[in-house]
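For what it's worth, the numbering used here labels the leading residue of the sequence shown as 130, then goes sequentially.
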Amino acid sequence: MLYFAKKLINCTRKIKVQIGKYTENNFKKTFQSFSTENSFETNLEELLQKIL
């Protein structure tokens, strides 16, 4: 049982890292589009939809 618990914890850590990298890239892309576009609210909505 402990073995499976450790495997599960390691798996969730890897997934968290992947999600972190994904959201970080999305933030970078979105903030780049903030500087090119004036519609801040629209970009914010798009970002929230990507995250959720």
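We put the CB at the ideal spot given by N, CA and C, even for glycine.
### Message
Determine whether the beta carbon atoms of L176 and N155 lie at a separation below 8 Å.
### Response
Looking up residue 176 in the sequence shown gives position 47. Looking up residue 155 in the sequence shown gives position 26. In contact: L176 and N155 (Cβ atoms closer than 8 Å).
#### Entry: For L176, the three-state DSSP class (helix, strand or coil)
Position 47 of the sequence shown, counted from the first residue, corresponds to residue 176. In the structure shown, L176 sits in a helix (DSSP, three-state: H, G or I).
#### Entry: Separation of K157 from I138, as counted between CA atoms
Along the sequence shown, read from residue 1 onward, the residue named residue 138 stands at position 9. Along the sequence shown, read from residue 1 onward, the residue named residue 157 stands at position 28. Distance between the alpha carbons of I138 and K157: 29 Å.
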